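In our numbering, the protein residues as written are 2 to 725.
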């Protein structure tokens, strides 16, 4: 053991003084700069290991970090060795010189891996705590040990005749400097785990850490060189200072190593920039996806999903002395605006409503857009011993909102005024789910819309019962349409001025096996809302053709049967083809079938409507404009569409004697129709006075309870002769 120590440490075994050595100070400075640049580059590369979640990717970037750092330690050492000049010939063992880089790489790899492992654990626990002192000490010690081992292996690679021994004190000091500065460097760098999102702060920490690591490498090297003692022996040839030569391969190796550091730094920088670009693109895409997932693209308001999440959250946060209130509001006849003036103005209206809701002077907590033309407003009202008081407060808020939103809108050059229907629910229990709350408001809104435009309805439990009955009725209607069971056309006669029957209007009736006769006012709107109106319309068309075929067989060839066509049914792409198929199947002659269209049909796509009407008229079908005077642009339609008959709406006929103005309206409609070459049918003729006045105006045909209510087809034929 003593022999080993005597061969390594300078314990006074040589009486003569060691050989003197000199330093090239420029190379000393260069050695430190190389150590610093390599350390800073390594830290920048190591930053990528933190960004990746993949374990294999993290290990790869940690290894690259260790290689760059190890090359830096190795390059610094041998630049320092070249800077040190002895008065003897010095060469280096190629194998040991190259192998000496391994401890530096391994030491850096495990030092950085410890930091990465603890940072990964912090991410897993969703904390941003700094790396522990224990980890800093352990990683710094490993880093220092790797630097020290690399240095002394590099010293052992020296080939020279003098005997190399080390001062025990400076040897210990060199190791202590490497470990102490390594711990200091790792402790400084550990701060980066808490501020990795702040780029400028991170660069400062990396810069300072690189300075300290470079100091650890250089400090350890030059302290170890102070520990080195070169004692000449008998065969030692002393040369003048500056005349000794280093192996050129070592200089080339250092140049290659430094170049490799620069190359890796450049490649890493390029990769980092690309990563940053991709990362920003991914972040922007992620942000956009989140916006689309939780916000409405047109208005920027939270969507249905966000609304439900917010309601769930608010149920937990609403104070016990307050009620949560949800207002669900709908723009009445929004589709009319969209279809007549275009979707651009429709979108502009939605955005204008959004701006008003966001500026409304009420204690509003959230505004959302859960569906196309519906908005939701979340607010709170004070609780009281009387529940009616909270409901009254909520209704008062709804009226204030309604007044604000129903003021005219300026949509480009168009001034638009619309009404708003409101459904309101006051949440009286925190046990309700957000879906239940939204359903309650939706039920109240549906009730408001069924009662007309601009209505406000407060949710009450009976609405849920009503919707349950409605769902059941929908299922039964669907089955009735599919099985053709209980649905039958009733006919209301149409007479001329001589009280001769010229035809009839077909009206669908539903004989329910349990409910009895179901009112059309109950199941027709239901069919329109649920889409069943298309199947119901097909059934009506077929039954109408069957009746006309029966009339043909009975010789009633002069009667015309009118049927009503809904907007959804007429818009079907195959409407003309299906009707043509029925006409051929039942051999319906030209002129005996008449289709009655309301303005709701005409307001969808006027060009398409005109095209279909012309196609159907070529098949011998007549057309009547139903409910004339109740829409928006009747005169423009009459100018463009080839109608045969105009029907005066029952509301005008029934009340025409209540004012001079209404009499004048009916008279004007008759004159207008005749001037356009159209026949006129007056609906709602209930008294002889009605008949006499309309006859005097020149009305062509009459329909109403004065003659007959709608009856089954056999009764229509049976009693036709009594209509005179």
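All C-beta atoms in this analysis are idealised placements derived from N, C-alpha and C, irrespective of residue type, glycine included. Remember, it's a predicted structure, so these values are computed and weren't measured experimentally.
**Report entry** Those residues which DSSP pairs with residue 646 across a bridge
**Finding:** According to DSSP, residue 646 bridges with 625 and 680.
Query raised in the report: Which parts of the segment 146-175 are runs of the beta strand (DSSP E), unbroken and 3 residues or longer, counting only runs that do not cross its ends?
Result: Runs found: 164-167.
Query raised in the report: So, helix, strand or coil for residue 594, using DSSP?
Result: If DSSP states are grouped into helix, strand and coil, residue 594 belongs with the strands.
Requested in this report: Report yes if the CB atom of residue 169 is closer than 7 Å to the CB atom of residue 232, and no otherwise.
Outcome: Not closer than 7 Å, so no.
Query - Proximity winner among 20, 570, 230 and 64, relative to residue 9 (alpha-carbon distances) - result: With distances taken between Cα atoms, residue 9 lies closest to 230.
Query - Length of the line joining the Cα atoms of residue 151 and residue 189 - result: Distance between the alpha carbons of residue 151 and residue 189 is about 23 Å.
Query raised in the report: Can you find at least 3 beta carbon pairs, one from the segment 324-335 and one from the segment 447-455, that sit closer than 8 Å?
Result: The segment 324-335 is in contact with the segment 447-455.
Query raised in the report: How big is the Cα-Cα spacing for residue 126 and residue 42?
Result: At residue 126, the pLDDT of 47 sits below 50, so the modelled position is not reliable; the number obtained from the coordinates is stated separately. Answer to the nearest angstrom: the Cα atoms are 29 Å apart.
Query raised in the report: Can you give the Cα-Cα distance for residue 341 and residue 580, rounded to whole angstroms?
Result: If I take the Cα positions, the gap works out to 28 Å.
Query - Closest by C-alpha distance to residue 547, when choosing among 576, 583 and 361 - result: Of the candidates 576, 583 and 361, 583 places its Cα closest to the Cα of residue 547.
Requested in this report: Rounded to whole angstroms, what's the CA-CA distance from residue 381 to residue 409? Just pull it up for me.
Outcome: Distance between the alpha carbons of residue 381 and residue 409: 28 Å.
Query raised in the report: In the structure shown, what three-state DSSP assignment does residue 760 receive?
Result: Because the chain here runs from 2 to 725, residue 760 falls outside it and cannot be looked at.
Report task. Report the rounded CA-to-CA distance for residue 535 versus residue 522, giving the unit in angstroms. Result -> Residue 535 and residue 522: Cα-Cα distance of roughly 17 Å.
Report task. State buried or exposed for residue 364, treating a residue as buried only when at least 16 other CB atoms are found within 10 Å of its CB. Result -> Answer is exposed; the Cβ neighbour count stays below 16.
Query raised in the report: From residue 130 to residue 204, what distance separates their C-alpha atoms?
Result: Confidence in residue 130 is poor, its pLDDT being 46 and thus under 50, which makes the residue's placement too unreliable to answer from.
**Report entry** Three-state secondary structure assigned by DSSP to residue 1
**Finding:** Residue 1 falls outside the range modelled here, since the chain spans only 2 to 725, and no answer is possible.
Query raised in the report: Any idea what DSSP makes of residue 694, helix, strand or coil?
Result: DSSP places residue 694 in helix when its eight states are reduced to three.
Requested in this report: Taking residue 626 as the reference, give the member of 484, 684 and 481 with the closest Cα.
Outcome: That would be 684, whose Cα lies nearest to the Cα of residue 626.
Query raised in the report: Rounded to the nearest angstrom, how far is the Cβ of residue 107 from that of residue 32, given a contact under 8 Å?
Result: At roughly 22 Å, the Cβ-Cβ gap does not stay under 8 Å, so residue 107 and residue 32 are not in contact.
**Report entry** Reference residue 327, options 17, 418 and 395, closest by Cα
**Finding:** Of 17, 418 and 395, the residue nearest in Cα terms is 395.
Query raised in the report: Among the residues of its own chain, which have a CB less than 8 Å from the CB of residue 558, if the five just before and after it don't count?
Result: Around residue 558: 552, 590 and 593.
Requested in this report: Would you mind reading off the limits of the alpha helix (DSSP H) that contains residue 538?
Outcome: 534-555 is the extent of the alpha helix (DSSP H) around residue 538.
Query raised in the report: Which residues in the same chain have their Cβ closer than 7 Å to the Cβ of residue 479, if we skip the five residues on either side of it in sequence?
Result: Hits under 7 Å: 533.
Requested in this report: Compare the Cα-Cα distances from residue 679 to each of 651, 644 and 658 and report the closest residue.
Outcome: Of 651, 644 and 658, the residue nearest in Cα terms is 644.
Query raised in the report: Since residue 515 is in the alpha helix (DSSP H), which residue starts that stretch and which ends it?
Result: Careful: residue 515 lies outside any alpha helix (DSSP H) and carries neither H nor E.
Report task. Have a look at residue 725 and residue 692 and give me their C-alpha separation to the nearest angstrom. Result -> Residue placement at residue 725 is flagged as unreliable, the pLDDT there being 46, under the threshold of 50; the coordinate-derived value follows with that caveat. Our two residues, residue 725 and residue 692, have alpha carbons roughly 13 Å apart in a direct line.
Requested in this report: Could you spell out where the alpha helix (DSSP H) holding residue 48 opens and where it closes?
Outcome: Residue 48 -> alpha helix (DSSP H) spans 26-52.
Query raised in the report: What number of angstroms, rounded off, separates the C-alpha of residue 423 from the C-alpha of residue 375?
Result: Near 10 Å, if we compare the C-alpha coordinates of residue 375 and residue 423.
Query raised in the report: Around the C-beta of residue 388, are 16 or more other C-beta atoms found within 10 angstroms, so that it is buried, or is it exposed?
Result: Looking at its Cβ environment, which holds fewer than 16 other Cβ atoms inside 10 Å, residue 388 is exposed.
Query raised in the report: Quick one: complete alpha helix (DSSP H) runs, 4+ long, within the segment 307-372?
Result: Qualifying alpha helix (DSSP H) stretches, in chain order: 335-342 and 344-360.
Query raised in the report: Taking the alpha-carbon positions, what's the residue 324 to residue 47 distance?
Result: Distance between the alpha carbons of residue 324 and residue 47 is about 54 Å.
Query raised in the report: Is residue 367 near residue 379, with beta carbons less than 7 Å apart?
Result: The Cβ atoms of residue 367 and residue 379 sit closer than 7 Å to each other.
**Report entry** Span of the alpha helix (DSSP H), counted from its first residue to its last, around residue 521
**Finding:** According to the DSSP assignment, residue 521 belongs to the alpha helix (DSSP H) that extends over 521-531.
**Report entry** Straight-line gap, residue 60 to residue 50 (C-alpha atoms, nearest Å)
**Finding:** Cα to Cα, residue 60 sits roughly 7 Å from residue 50.
Requested in this report: Could you name the residues that DSSP lists as bridge partners for residue 69?
Outcome: In DSSP, residue 69 forms no bridge with anything.
Query - Where residue 88 sits in the DSSP three-state scheme - result: Coil, per DSSP.
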